[in-house]
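See structure below.
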Amino acid sequence: MRIKFLSVIVSFLIVSFALSSCLDSDDNYEFSSDATIHAFGIDTIHGKHYKFTIDQLNRLIYNRDSLPVGSDTIIDRILIDTMTVTGWITSGSPTDTVFVMSDSVDLRPAMNNDAGMLFKAHAADGVTVREYKLKVNVHLQDPDSLVWTDMQKRGNIFSNTINLGQQKAVVLGDELFVYTSNSTAYKTSTAPDKYNWSKVNVSNLPSDVKLTSAVEYNNALYMVTESKRVFSSTNGGAWTEVTTLGDNVIVLINGFSDRLSGIVEINGKQYFNICKDGKNWEAENTADNLTLEEVPAGFPTENISTTQTNTGNGVEKVVLAGMPLANEQETIPWFSLDGKGWASLANTMYDTYCPGMDNPAIMYYGDMFYCFGGELDAIYSSITGIAWSKTETKFLLPQEFKGKGAYSIIVEPTKDKTVAPADKRDFIWVIFGGNGTKNEVWRGRLNRLGFEIQ
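Those letters in the sequence shown? Residues -20 to -1, 1 to 434, per mature numbering (1 follows the signal peptide of the UniProt record, and there is no 0), in order.
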């Protein structure tokens, strides 16, 4: 119910006159000139209260945490349950009426609208008035959906030549590199609005380099050769051998912020070691002074995919998956807290392990572990990396991925302290190509990771 503004003012003046006539004429009373809205709130949306901020300088009321998708069918008839003022509120056009808190209101005109809805706060003195604008922010996207973009619609593919050999994609800084041979690569900026491929001339990578071994650490790329040597590059084009790492390196494992983990071969056996400076192993790498942990049976040494998370105590933890599989039925993740030793996350419980798949990619993304690979026909999720289940809705792969063939998968995280949605990353890059597969580039992201407020 709304009451005409004029009638309220008349009533207010009559009451004021009656009070003053009953009192000593020598007494003077001053009514407050405070025309400020001190607090504002609406009824719950799906059982949740959303906080509204009041910008007193600009007289703007808004919610930083947007309401969920579909809220327009709720705010079309909702109660404003908090509107704290010293006087009263009017609203409406073309005629102001007193706002009644017990009445439901249609807030859709304020939804994602800079013009908003107007409210006037009237002070108790009956003279002072301040006008406020209400803007209700509502998500236009489902925050929990994984959305994919076919990058062929954003620009040309890096190469139309079908590569019969190995191919590998890796991120260095703000650039995505795709290596198609030991002498050729392509790169593009990973910024959302700067997708444009250019050719890179690669120098000094030997013919026996394993492109699939490429990893990034401390602003440099590293690759291992079939002859167990290590090469590095700071720009993706010019490569040099890291002779101090020796000629017995099986694989390098990235993921830690302050070290590379690796597997070295000594007297026919394989051991874990770590390298912090990108040049030297931390533990002495000889059979006479061997303090290294031996690599357990079933640990992957090819096509390794890593992801980083933290323990409950804030300790950095890296989880990986790769080839070859310990058994064809199960993809077994491994984890480490220091890179010096790795433990299996094998799960023997029926129907809760991650199924076996070729070249699995694992990632900790949006507060969950995800793993996919093989035919690229399903994604499996896990809270801890032990018990897995197939995702059935929202977080899915495009149908176009199924059975495409060779691929590289990279997750590019958003840099710390990035706030503006336009600058956020958290992209999942899927680059098809190599082994006779047609080159394609796709990019995915969980909607909410692109929002200003998570």
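Heads up, the beta-carbon is just placed ideally off N, CA and C, and yes, glycines get one too.
Can you give the Cα-Cα distance for Val78 and Phe99, rounded to whole angstroms? The residue labelled residue 78 in the question sits at position 98 within the sequence shown. The residue labelled residue 99 in the question sits at position 119 within the sequence shown. So the two alpha carbons sit approximately 10 Å from each other.
Take residue 438 and list the residues in its own chain whose beta-carbon comes closer than 6 Å to its own, dropping the five residues that flank it on each side. In the structure as shown, the chain begins at -20 and stops at 434. Residue 438 is therefore absent and cannot be evaluated.
Can you confirm whether the segment 126 to 136 touches the segment 144 to 155 when touching is taken to mean that 3 or more C-beta pairs between the two stretches lie within less than 8 Å? no
Could you give the residue range of the beta strand (DSSP E) that holds Met91? For the purposes of this step, residue 91 is taken as the residue at position 111 of the sequence shown. Careful: Met91 lies outside any beta strand (DSSP E) and carries neither H nor E.
Using a 10 Å radius around the Cβ and a threshold of 16 neighbouring Cβ atoms, would you call Val(-11) buried or exposed? For the purposes of this step, residue -11 is taken as the residue at position 10 of the sequence shown. With a pLDDT of 43 at Val(-11), under the threshold of 50, the modelled position of this residue cannot be trusted; read the value that follows with caution. Val(-11) comes out exposed.
Relative to the alpha-carbon of Met303, which residue among Thr281, Arg88 and Tyr175 has its alpha-carbon at the smallest distance? Counted from its first residue, the sequence shown places residue 303 at position 323. Checked all of Thr281, Arg88 and Tyr175; the closest Cα to Met303 is Thr281.
Could you check how far apart the C-beta atoms of Asn234 and Tyr175 are, in whole angstroms? I think they sit under 8 Å. For the purposes of this step, residue 234 is taken as the residue at position 254 of the sequence shown. For the purposes of this step, residue 175 is taken as the residue at position 195 of the sequence shown. Between Asn234 and Tyr175, the beta carbon gap of about 24 Å keeps them out of contact (Cβ cut-off 8 Å).
Spatial neighbours of Gly353 in its chain, beta-carbon cut-off 7 Å, leaving aside the 5 residues before and after: As a first step, residue 353 is located in the sequence shown; it is residue number 373 there, counting from the start. Met337, Asp338, Asn339, Pro340 and Ala341.
Taking C-alpha atoms, which residue in Val195, Thr164 and Thr192 lies nearest to Ser183? As a working note, residue 183 is residue 203 in the sequence shown. Looking at the Cα atoms, Thr164 is the closest of the given residues.
Please look up how many angstroms separate the CB atoms of Phe407 and Thr170, rounded, as I've assumed it's under 8 Å. Residue mapping note: residue 407 aligns to position 427 of the sequence shown, counting from 1. Residue mapping note: residue 170 aligns to position 190 of the sequence shown, counting from 1. Rounded, the Cβ-Cβ distance is 7 Å, consistent with contact.
Among Ile25, Gln379, Thr64 and Cys255, whose alpha-carbon lies nearest the alpha-carbon of Val116? In the sequence shown, residue 116 corresponds to position 136, counting from 1. Measuring from the Cα of Val116, the nearest candidate turns out to be Ile25.
Comparing alpha-carbon positions, which option in Lys208, Ala200 and Trp322 lies nearest Lys256? Here the question's residue 256 lines up with position 276 in the sequence shown. Lys256 has its Cα closest to that of Ala200, out of Lys208, Ala200 and Trp322.
Could you give the distance in angstroms between the alpha-carbon of Leu240 and the alpha-carbon of Thr289? Here the question's residue 240 lines up with position 260 in the sequence shown. Here the question's residue 289 lines up with position 309 in the sequence shown. Roughly 16 Å between the two C-alpha positions.
Does the distance from the CB of Phe252 to the CB of Ile243 come in under 8 Å? As a working note, residue 252 is residue 272 in the sequence shown. As a working note, residue 243 is residue 263 in the sequence shown. Their beta carbons are under 8 Å apart, which means Phe252 touches Ile243 by this criterion.
Assign Asn283 to buried or exposed, taking buried as 16 or more other Cβ atoms, counted over all protein chains shown, within 10 Å of its Cβ. Locating residue 283 in the sequence shown gives position 303, where the first residue counts as 1. Its Cβ being crowded by 16 or more others within 10 Å, Asn283 is buried.
Label Ile389 either buried or exposed according to how many other C-beta atoms from any shown protein chain fall within 10 Å of its C-beta, with 16 as the threshold for buried. As a working note, residue 389 is residue 409 in the sequence shown. It is buried - the Cβ of Ile389 has at least 16 other Cβ atoms within 10 Å.
Considering only C-alpha positions, which residue in the set Gly430, Glu372, Trp368 and Val231 is nearest to Thr394? Here residue 394 refers to the residue found at position 414 when the sequence shown is read from its first residue. Scanning Gly430, Glu372, Trp368 and Val231 for the CA closest to the CA of Thr394 turns up Gly430.
Note down the Cα distance separating Lys208 from Asn228, rounded to an integer number of angstroms. Numbered from its first residue, the sequence shown carries residue 208 at position 228. Numbered from its first residue, the sequence shown carries residue 228 at position 248. Straight-line Cα distance between these residues: approximately 5 Å.
Measuring alpha carbon to alpha carbon, tell me which residue in Ile230, Gly321, Asn293 and Asp105 is nearest Val299. Within the sequence shown, residue 299 is the residue found at index 319, counting from 1. Considering only alpha carbons, the answer is Gly321.
Neighbourhood of Ile359 by C-beta distance below 7 Å, restricted to the same chain and skipping five residues each side: Taking the sequence shown and counting its residues from 1, one reaches residue 359 at position 379. Excluding sequence neighbours, Ile359 sits near Tyr350, Phe352, Thr371, Phe375, Leu376 and Leu377.
Under the three-state reduction of DSSP, which class applies to Arg423: helix, strand or coil? Working through the sequence shown from its first residue, we reach residue 423 at position 443. Reduced to three states, the DSSP call for Arg423 is strand.
Less than 6 Å between C-beta atoms, sequence neighbours within five positions excluded: which residues of the same chain meet that for Ile22? Numbered from its first residue, the sequence shown carries residue 22 at position 42. Cβ within range, chain order: Ile58 and Ile60.
Beta-carbon within less than 8 Å of Asp52's beta-carbon, same chain only, minus the 5 sequence neighbours each way: which residues are those? On the sequence shown, residue 52 is found 72 positions in, with the first residue counted as 1. Cβ neighbours of Asp52 beyond the five flanking positions: Arg88, Met91 and Val118.
Where in the segment 158 to 222 do unbroken runs of the beta strand (DSSP E), each at least 3 residues long, occur, reported from the N-terminal end onward? 164 to 169, 178 to 181, 189 to 197, 200 to 205 and 210 to 213
Where Thr62 and Met97 are concerned, what is the direct C-alpha to C-alpha distance, given to the nearest angstrom? On the sequence shown, residue 62 is found 82 positions in, with the first residue counted as 1. On the sequence shown, residue 97 is found 117 positions in, with the first residue counted as 1. Computed Cα separation, rounded: 16 Å.
On the criterion of 16 or more Cβ atoms from any shown chain inside 10 Å, does residue 515 qualify as buried, or is it exposed? The chain is shown only over -20 to 434; residue 515 falls outside these bounds and no answer can be derived.
Can you tell me the Cβ-Cβ gap for Lys113 and Ile17, rounded? I've got them flagged as a contact below 8 Å. As a first step, residue 113 is located in the sequence shown; it is residue number 133 there, counting from the start. As a first step, residue 17 is located in the sequence shown; it is residue number 37 there, counting from the start. With 8 Å as the limit, Lys113 and Ile17 do not qualify as a contact, their Cβ atoms being about 11 Å apart.
Tell me whether Lys133 sits in a helix, a strand or coil according to DSSP, three-state version. Locating residue 133 in the sequence shown gives position 153, counting from the first residue. Lys133 falls in the helix class under three-state DSSP.
Quick one: what's Asp33 bridged to in DSSP? Taking the sequence shown and counting its residues from 1, the one referred to as residue 33 is at position 53. The question names Asp, yet the displayed sequence has Thr at residue 33. Looking at the DSSP assignment, Thr33 forms a beta bridge with Tyr42.
According to the neighbour-count rule (16 or more other Cβ atoms, all chains shown, within 10 Å of its Cβ), is Ile254 buried or exposed? If you number the sequence shown from 1, residue 254 lands on position 274. Ile254 should be labelled buried.
Beta strand (DSSP E) containing Ser316: first to last residue? For the purposes of this step, residue 316 is taken as residue 336 along the sequence shown, with counting starting at 1. Run containing Ser316: Trp314 to Ser316, per the beta strand (DSSP E) assignment.
For Ile69, I'd like the list of residues in its chain whose CB is within less than 8 Å of its CB, leaving aside the five on either flank, ordered along the chain. As a position in the sequence shown, residue 69 is number 89, starting the count at 1. Apart from the 5 residues on each side of it in sequence, Ile69 sits with its Cβ closer than 8 Å to the Cβ of Ile17, Met63, Val78, Phe79, Phe99, Lys100, Ala101 and His102 in its chain, given in chain order.
Check each candidate in Thr364, Ser73 and Gln379 and name the one with the smallest Cα separation from Val127. Against the sequence shown, residue 127 aligns to sequence position 147. Checked all of Thr364, Ser73 and Gln379; the closest Cα to Val127 is Gln379.
Return the first residue and the last residue of the beta strand (DSSP E) that Met343 is part of. To locate residue 343, count along the sequence shown from 1; it is residue 363. That run of the beta strand (DSSP E) goes Ala341 to Tyr345.
Could you name the residues of the same chain whose beta carbon sits closer than 6 Å to that of Leu3, not counting the 5 residues immediately before and after it, in chain order? Walking along the sequence shown from the start, residue 3 turns up at place 23. In this predicted model, Leu3 has a pLDDT of only 47, less than 50, meaning its place in the structure is not dependable; the value taken from the coordinates is given anyway. If we look at Leu3 and ignore the five residues flanking it on each side, it has no Cβ neighbours.
Span separating the alpha-carbon of Ser213 from that of Leu156: Translated into positions along the sequence shown, residue 213 becomes position 233. Translated into positions along the sequence shown, residue 156 becomes position 176. Distance between the alpha carbons of Ser213 and Leu156 is about 14 Å.
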